[in-house]
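Engineer: Residue numbering for the sequence shown follows my numbering, beginning at 270 and increasing consecutively.
We treat Cβ as the ideally placed atom computed from N, Cα and C, and that holds for glycine.
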Amino acid sequence: MKVRLVDEHFMKARWDDIESTLRRTFHDSQFNDDGYTVDNPVDFTRSAIEGGLGPGVKHLVALDDSGNMMGGFFCIPTERKEGQEATDLGWFFVVPEVDRDTRREIVDTFLERVFQMLRDAGFKRIESNMGTPAGAKSLGRRYGFVHAPTAEWSNRWLKEL
270 MKVRLVDEHF
280 MKARWDDIES
290 TLRRTFHDSQ
300 FNDDGYTVDN
310 PVDFTRSAIE
320 GGLGPGVKHL
330 VALDDSGNMM
340 GGFFCIPTER
350 KEGQEATDLG
360 WFFVVPEVDR
370 DTRREIVDTF
380 LERVFQMLRD
390 AGFKRIESNM
400 GTPAGAKSLG
410 RRYGFVHAPT
420 AEWSNRWLKE
430 L
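1. Is it buried or exposed for Asn-337, if we count other Cβ within 10 angstroms and need 16 for buried?
2. Can you check which of these residues, Gly-321, Lys-271 and Arg-394, is closest to Ser-335 by C-alpha distance?
3. Any heavy atom of the ligand SAH closer than 7 Å to the CB of Leu-329?
4. When DSSP labels each residue in this structure, what does Lys-428 get in the three-state scheme?
5. Excluding sequence positions up to five away, which residues of its chain have a Cβ less than 7 Å from the Cβ of Gln-385?
6. Apply the 10 Å Cβ neighbour rule to His-278 and answer buried if 16 or more other Cβ atoms are within range, or exposed otherwise.
7. CB Val-363 to CB Ile-375, shorter than 8 Å?
8. For Ala-420, count neighbouring C-beta atoms within 10 Å of its own C-beta (all shown protein chains included) and say buried if the count is 16 or more, exposed if not.
9. Go ahead and label Ala-282 buried or exposed: buried means 16 or more other beta carbons lie within 10 angstroms of its beta carbon, across all protein chains shown.
10. Using a 10 Å radius around the Cβ and a threshold of 16 neighbouring Cβ atoms, would you call Ser-423 buried or exposed?
11. Tell me which residues share the same chain as Phe-313 and place their Cβ nearer than 7 Å to its Cβ, disregarding the 5 neighbours each side in the sequence.
12. In this structure, does DSSP put Ile-288 in helix, strand or coil?
13. Select from Pro-310, Gln-299 and Thr-306 the residue whose C-alpha is nearest the C-alpha of Ile-287.
14. Return the residue from the list Gly-404, Thr-294 and Leu-274 that minimises the CA-CA distance to Val-367.
15. Taking all protein chains shown into account, decide if Lys-393 is buried (16 or more other Cβ within 10 angstroms of its Cβ) or exposed.
16. Please go through the region 353-395 and give each complete alpha helix (DSSP H) segment of 4 or more residues, from N-terminal end onward.
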């Protein structure tokens, strides 16, 4: 298994595979926000690779030895605006057929790299939605994300970098 940092060119070249993997992975998921479906991770990721999230957006992919997608952490900002301290992140996943130890290794690698990339860009914290209860549980317990809802944003999670 290898985790690679990729840009929109890789994502565009592999889009059919990425989209089908996202759909397969999130097909039976319960989502935290009303009205969310499997289309949300697909559409958000597609928007990023088409430039809709601005410049400097990168992605991490976990590939097996044959180049098959095992997981991804998409839409990671690597540039920030002057004075910007917080950022949002995109969707992450590991395909369902991966065993527990490999899943943990992939997610640990993703998060270590994401946190470092955000620190290197000068971000102080992450403010984000959690797409699924499973993601919220994992990121809250193992990686220090804190549920911090507001009156306007009930699915708000924070992580100090």
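Structural biologist: In short, the structure shows the following:
1. exposed
2. Lys-271
3. Of the ligands one can find in the structure shown there are none, so the ligand SAH has no counterpart to examine.
4. It is a strand residue.
5. Taking C-beta separations shorter than 7 Å and ignoring five residues to either side along the sequence, Gln-385 has no partners in its chain.
6. exposed
7. yes
8. Exposed, since its Cβ has fewer than 16 Cβ neighbours within 10 Å.
9. exposed
10. exposed
11. Cys-344, Gly-359 and Trp-360
12. Position check: residue 288 holds Glu in this sequence, whereas Ile was assumed. If DSSP states are grouped into helix, strand and coil, Glu-288 belongs with the helices.
13. Pro-310
14. Thr-294
15. Answer is exposed; the Cβ neighbour count stays below 16.
16. Those alpha helix (DSSP H) runs which fall completely within the region 353-395 and span 4+ residues are 369-390.
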